[in-house]
Structures are given as structure tokens and as C-alpha cells.
Amino acid sequence: MASSKKNITIIGLCGGHRVGKTTLAAELARQSAFIFVPTQTSAVFLRHHLRPDMPLDFATRLWIQNEVLTDAQRLWQAQTQDFITDRTPLDFIAYTLADIQAQTPVEFAALTDYINRCFQATLQFFHQLILVQPGIPLVFETGKAALNQAYIEHLNILLLGLLHDERMQSHLMVIPRDMLSLQDRCDYILSHFTTVTSTIED
Numbered sequence: 000m001a002s003s004k005k006n007i008t009i010i011g012l013c014g015g016h017r018v019g020k021t022t023l024a025a026e027l028a029r030q031s032a033f034i035f036v037p038t039q040t041s042a043v044f045l046r047h048h049l050r051p052d053m054p055l056d057f058a059t060r061l062w063i064q065n066e067v068l069t070d071a072q073r074l075w076q077a078q079t080q081d082f083i084t085d086r087t088p089l090d091f092i093a094y095t096l097a098d099i100q101a102q103t104p105v106e107f108a109a110l111t112d113y114i115n116r117c118f119q120a121t122l123q124f125f126h127q128l129i130l131v132q133p134g135i136p137l138v139f140e141t142g143k144a145a146l147n148q149a150y151i152e153h154l155n156i157l158l159l160g161l162l163h164d165e166r167m168q169s170h171l172m173v174i175p176r177d178m179l180s181l182q183d184r185c186d187y188i189l190s191h192f193t194t195v196t197s198t199i200e201d
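In numbering that gives the first Met the number 0, the protein residues as written are 0 to 201.
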């Protein structure tokens, strides 16, 4: 079957867990012409009898992160209109890197391949990435990643670095740390948003 092209605008919110990405994405969709397409990271873990909050050896972590990316790509590929989503491939890189300590055994070639996959997916789907930084009160939710303020800060700093990697070509926006009101965040994004269109091949 011949391929067809879809010209749609895609916004990706990135950031650590429990910083308000999903709530913000849903509210932005309500106030704009975008639809909200939530990612299904927890569902991918559960499908493989894992949980985002459970300790994993790094080989398993890298394997499940590849599954998460593949699932997200299928989801984004299937869209036919402008959308906003609450996870990006840069989030997937950050969570993977955050599991590495000085003594962690890592197959570096496999890690590099995964990181390259994530950057390629970012370039394919996203032209506008928005970092949602920590600051709102943390609320526990069963099955989510560790509710650890220092860990969330670690992820945020990793993402700040990834957003400025030379492989990035997307428009970038960082919501100020002290901007915690949901409406203030929406207003900031909508007033600074750069309209771009991503061409996706079926």
C-alpha cells in the first residue's frame, strides 16, 4: 500500500513524574484546538508484568524502555489531527539514564542505540517540546515511579541537558520553576507557542 503523509502539529510535554504534565496537557487541549493523546507507559509495564516503581536490573530496564518507545511511536503515528501528549522520547532517555550508577553494568552499544532511537523519534514527531519543572506538591499514586523529590530533581536536570543536546532541532520551551498555577502555565505556553507542522508518513 502506498504511503500517505499527514501534516499535523505536535506538542510534547516533558519532565519528571508528578510535576503536572498530564493535568497540564489535558487543560491545554481544553483551551485550544489540540486533542490530548496520553501515553500509556504504565500499561506497557503492566503488560509485561512489571511496574514503573519496581527496581529493575539495567538490561531489563533498557528492554522495557524500548517497548515503551515502540508503543508510543505506534500511538503517535496513528494520530490524524493536531495533538498534545504528556511524554516524549526525551523522558524515556532521562528515566533510562537515571538508573545508571557508577557500578551499574551497562552494554554501552545497546544504550547508545536506544538513545539514538529516542532522538530520531523526537525529530520525526515533535517540533515543540515543553519542559514542565518540579514545584507543585507531590501526591502519591499507586504504580507510579518513585515519589522521591531528589530523584525527580535528578530527572529534571537530565532533561535540561537533553533539551540542549546538539542532536535536538525542536523548538524548546521551559516553564519557569516558580510558575505553579495551572492557568498560569497554560497562559505561558499559549502565549509563547511557536506554530509548527510535523509531516508524518503512514
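C-beta atoms are modelled at their ideal positions from N, C-alpha and C, and glycine is treated no differently.
Which of helix, strand or coil DSSP assigns to residue i
| i | result |
| --- | --- |
| Thr-84 | strand |
| Gly-19 | coil |
| Ile-135 | coil |
| Gln-100 | coil |
| Leu-146 | coil |
| His-163 | coil |
| Gln-119 | helix |
Burial state of residue i, where buried means 16 or more other Cβ atoms lie within 10 Å
| i | result |
| --- | --- |
| Asp-85 | buried |
| Lys-4 | Unreliable placement is indicated for Lys-4, whose pLDDT of 48 sits below 50; the coordinate value is still reported in the next sentence. By the 10 Å Cβ count, Lys-4 comes out exposed. |
| Asp-90 | buried |
| Val-138 | exposed |
| Ile-34 | exposed |
| Ala-120 | buried |
Proximal residues to residue i (C-beta, below 8 Å), its chain only, five neighbours per side dropped
| i | result |
| --- | --- |
| Val-132 | It is worth fixing the name first, because residue 132 is Gln in this sequence and not Val. So the qualifying residues of the chain are Gly-14, Val-18, Asn-155, Val-173, Ile-174, Pro-175 and Arg-176. |
| Cys-117 | Leu-68, Pro-88, Leu-89, Phe-91 and Ile-92 |
| Leu-162 | Cys-13, Leu-89, Leu-128, Leu-130, Leu-171 and Val-173 |
| His-191 | Met-172 |
Cβ neighbours of residue i in the same chain (closer than 7 Å, five flanking residues each side left out)
| i | result |
| --- | --- |
| Ala-77 | none |
| Leu-146 | Arg-17, Leu-137 and Phe-139 |
| Asp-183 | none |
Residue(s) in a DSSP beta bridge with residue i
| i | result |
| --- | --- |
| Leu-128 | Gly-11 and Leu-171 |
| Phe-35 | Ile-83 |
6 Å CB neighbourhood of residue i in its chain, flanking five on each side removed
| i | result |
| --- | --- |
| Gly-11 | Thr-84, Thr-87, Phe-125 and Leu-128 |
| Trp-75 | Phe-124 |
First through last residue of the alpha helix (DSSP H) which encompasses residue i
| i | result |
| --- | --- |
| Leu-68 | 57-76 |
| Leu-45 | 40-46 |
| His-191 | 181-191 |
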